[in-house]
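This report refers to the structure that appears directly beneath it.
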Amino acid sequence: MRKVFLVTAAALSLFLAACGGGGGSAGSPGTGGGSSGGATQTATATLQLVDGAGAAVSGSSLSQTEVRQLKVTLKNARSQVVPYKRVTVELDSPLAVLTPASGSLLTDANGVALFTIAPASVSSNGAVTATATASVEGAEATGELDMQISPGSVALSAITTSSSTVQKGQSLNVSVAVTVNGAPASSNSLAVSFTSTCGTASPGSALVDGSGTAQAVVQTTSTGNCSVTASAVNAQSRTAAFVVSAPPVVGLQFVSASPTVIYQQGSLTPNSSIVTFRVIDAQDQPVQGQTVNASLIGGGGGVSFCNAAQTDVSSATGQVTFAVCSGTQPTTVQVRAQLAGTSLETYSNLLTVQTGLPTQRFFDISASQQNFYVGGYFTDKFNGKTVDISVFAADRQGNPVPNGTPVVLVSEGGQLNTTGNSSCVLTDGRCTVQLIGQDYRPLGSSVSGSEKRPGRVTVLATADGEESFIDANNNNRYDAGELVEQLGTPFMDKNESLQFDAAYTNLIVNSNESEVTYPIPASAIGTAACPANTNIGLSQGNSCNSQWDGFTKVRRSLLVVFSGGEIGLPNTQSDTAATCTHSVNAASYDATIDAQYRTKLLSCSLTRLQVRLADRNGNPLPADATLAVVVRKPQGNQCTATLSGSAIGNATEPTEHTVLLDKCLGGGVENVDLTVTVSAGSGSKSSTFSVTLP
Ligand SMILES: [Ca+2]
Ligand SMILES: [Ca+2]
Ligand SMILES: [Ca+2]
Ligand SMILES: [Ca+2]
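Shown next as structure tokens:
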């Protein structure tokens, strides 16, 4: 009965297609087994589940452990196999996966395409329908197959480690066998997680390899009784035990001394350094809880550990620290660290204790220009030009004193353009401040034997420092009996008398003036005469003592001239160059300006003349003033003049200049003009000293 029905159904469908007069498609899908019966006239795609050997699998169940293939046989309407035709298979569920993943293959010579099909995972559970489709002679052939998927039973067994005991920092291998439904799991079919109580497993999730095992490496990071556990989904986890032992201490490392240079007590800071060592094991890892003893190697001069205890216990980072304090003298020292109860030891780098203080012999001051256009009293004046005052300081070994050492500067006149208390701060052994030309413009001194000229400015620099001494035994520190260059109380010698003048009056105007002293530690002050051969004019008289003072004031002074901008002409014709005449101005020089400081024609002939140039204060003209010479003469006269230089130059006293003459005939018609030009703000001013040849 059933067979007849099938034939009837096929015939009916053919009939319907013919009556419709449609596109000629055979229309209805073929079904599995649809090729039976003599009258079938549609193409068919027949699906069958077979094993790896091609044998039919009864029950259409996929396997978690064995190969299953989906066999698609393609036939045309005449029941002939269709070779080399593209067949596409689609699954209606992600529970199973096909190979190739594209789901399409060509049929072989027998009209058969073989796809591999497997559960997507061992936990896949349910049914899946595969639908095969192909286009045969203009019509679509399709077929379906329903398959059952059952989850696999996963088991972990036989977990093993490569060793049962390791030292911390070492690693061990761990592996576990994986079965599914009792058979070794296939490669990459599932992942096993590894965790350890004493380190990290890598990879944390390992895929099963081709031999049915999963493996990882455990890197140990702590000590004790440890374990590693393997686990997989739906499987009982497995654990293996191992022991991690502490590695032996193998070394002491010097880490740092901070800072590496400290300064002697009573000098500068810092006066202490932290010296750090590290206790390590064979893996270069820190070891905690180890006792380390320290001692000093070298030293002297009072250098010591700051704390009485010279023992420390290593921290979690394996570190021990010791503080070293400077003494009263310079030295070098090392710290020796030893692991208690062992012969393990190491040494720190050299730690240097320096004086850090400037010493008098290595303390210096200079100016970028010692004579600059400011003027005052008998001369014209100009405000606002500047010179740089630089201070240089080194310790007794000639090394720069520490950056940040302050220097105090004071000036008799003008303005020291500084931030803070008229000081500059040493960097790389030097510092610079600007001196601005402005009031106060100092006057001459009425003190007998002192400087009578105005416009002469004393600048004094002081800093904390030490007296210089002759290190007879070359140990870089003062020892009793070594020669000392004594320093007394510093003062500003405004009137260049080389002595402290507590009070005096200015020349001509009789206004009051006073020199000033600057404090030093009381212990450095005495009543003895100060040396007559060193540091002249830098200590108040009878304020020196007979001891070496490692902490007093070093000092140095500098004279800066506030030059006028015009040549001071001689008041009268000079008698030293009687055969020549020159320009004069009877009102030029005040009687208090001594003759040796005045402008003068020093010598004169038809081949050469020599002059001294000064401003009306008897001071040099500005260093950067230009000097030029021209000859005024009758037409046709060949007389020429050349100067040996073209600028006034750096000086604190009036400058001398030579003019060379050529082809000068004399007769009182040749005038040699020396012209000084001084820049002043946006313009300049010139003045001329004119000499008429005999
Ligand atoms: Ca010495
Ligand atoms: Ca002065
Ligand atoms: Ca004086
Ligand atoms: Ca002294």
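Numbering (my numbering), first residue to last: 1 to 694.
Glycine included, each C-beta is placed from N, C-alpha and C at the ideal position.
Paired residues, beta bridge with residue i - DSSP
| i | result |
| --- | --- |
| residue 365 | 391 |
| residue 406 | 425 |
| residue 90 | 131 |
| residue 610 | 603, 658 |
| residue 293 | 311, 338 |
| residue 148 | 61, 127 |
| residue 730 | The displayed coordinates of the chain run from 1 to 694. Any statement about residue 730 would go beyond what the structure contains. |
| residue 431 | 391 |
| residue 316 | Partner(s): none; residue 316 has no beta bridge. |
Chain-order list of residues whose beta-carbon lies under 8 Å from that of residue i (same chain, five-residue window excluded)
| i | result |
| --- | --- |
| residue 88 | 103, 104, 132, 133, 134 |
| residue 451 | 444, 445, 495, 496, 497 |
| residue 397 | 476 |
| residue 106 | 84, 85, 86, 87, 113 |
| residue 432 | 388, 389, 390, 391, 424 |
| residue 509 | 443 |
| residue 572 | 584, 586 |
Distance between beta carbons of residue j and residue i, contact taken as under 8 Å
| i | j | result |
| --- | --- | --- |
| residue 589 | residue 608 | That belief does not hold up - the Cβ atoms of residue 589 and residue 608 are roughly 26 Å apart, past 8 Å. |
| residue 453 | residue 465 | That belief does not hold up - the Cβ atoms of residue 453 and residue 465 are roughly 32 Å apart, past 8 Å. |
| residue 305 | residue 282 | Actually they are not in contact, since the Cβ atoms of residue 305 and residue 282 sit about 31 Å apart, beyond 8 Å. |
| residue 74 | residue 136 | 7 Å |
| residue 463 | residue 408 | 7 Å |
| residue 294 | residue 340 | No, residue 294 and residue 340 are not in contact; Cβ-Cβ is about 11 Å, not under 8 Å. |
| residue 700 | residue 62 | Past the boundaries of the shown model lies residue 700; the chain is included only from 1 to 694, so the question cannot be answered. |
| residue 319 | residue 301 | That belief does not hold up - the Cβ atoms of residue 319 and residue 301 are roughly 28 Å apart, past 8 Å. |
| residue 262 | residue 326 | 5 Å |
| residue 267 | residue 551 | 7 Å |
| residue 640 | residue 673 | That belief does not hold up - the Cβ atoms of residue 640 and residue 673 are roughly 13 Å apart, past 8 Å. |
| residue 671 | residue 631 | 7 Å |
6 Å Cβ shell around residue i - same chain, five flanking residues per side excluded
| i | result |
| --- | --- |
| residue 676 | 567, 621, 625, 627, 687 |
| residue 478 | 469, 548 |
| residue 385 | 372, 373, 437 |
| residue 574 | 600, 601 |
| residue 506 | 443, 513 |
| residue 516 | 492 |
| residue 51 | 57 |
| residue 205 | 191, 193 |
| residue 115 | 70, 89, 98 |
| residue 362 | 394 |
| residue 188 | 207 |
| residue 544 | 486, 488, 526, 528, 530 |
| residue 145 | 47, 130 |
Exposed unless 16 or more other CB atoms sit within 10 angstroms - verdict on residue i
| i | result |
| --- | --- |
| residue 86 | exposed |
| residue 342 | exposed |
| residue 521 | exposed |
| residue 656 | exposed |
| residue 347 | exposed |
| residue 278 | buried |
| residue 417 | exposed |
| residue 553 | buried |
| residue 312 | buried |
| residue 440 | exposed |
| residue 613 | buried |
| residue 456 | buried |
| residue 660 | exposed |
| residue 78 | exposed |
| residue 80 | exposed |
| residue 297 | exposed |
| residue 358 | buried |
| residue 524 | buried |
| residue 427 | exposed |
| residue 264 | buried |
Cutoff 7 Å: residue i Cβ touching any chain C Cβ
| i | result |
| --- | --- |
| residue 564 | Within the model displayed, chain C is absent; a lone protein chain is all it includes. |
Cβ-based neighbour list, residue i, same chain, cut-off 7 Å, excluding 5 preceding and 5 following
| i | result |
| --- | --- |
| residue 5 | Low confidence applies to residue 5: its pLDDT is 39, below 50, so where it sits in the model is not reliable enough to give any reading. |
| residue 350 | 332, 334 |
| residue 360 | 465, 467, 468, 485, 487, 535, 554 |
| residue 413 | 440, 441, 442, 457, 562 |
Any contact between the stretch 359-372 and the stretch 637-653? By contact I mean 3 or more CB pairs, one from each, below 8 Å.
yes
Between the stretch 244-255 and the stretch 273-291, do at least 3 Cβ pairs fall closer than 8 Å? yes
Given 8 Å as the limit, is there contact between the stretch 61-69 and the stretch 158-167, that is, 3 or more CB pairs closer than that?
no
**OP:** Taking 8 Å as the threshold, find out whether the stretch 208-228 comes into contact with the stretch 165-184 through three or more Cβ pairs.
**Re:** yes
Q) Are there three or more Cβ pairs, one per stretch, closer than 8 Å when the stretch 188-198 is compared with the stretch 228-235? A) yes
Meets three-Cβ-pair contact criterion under 8 Å: the stretch 209-216 and the stretch 118-133: no
Per the contact definition of three or more C-beta pairs closer than 8 Å, is the stretch 234-248 in contact with the stretch 150-158? yes
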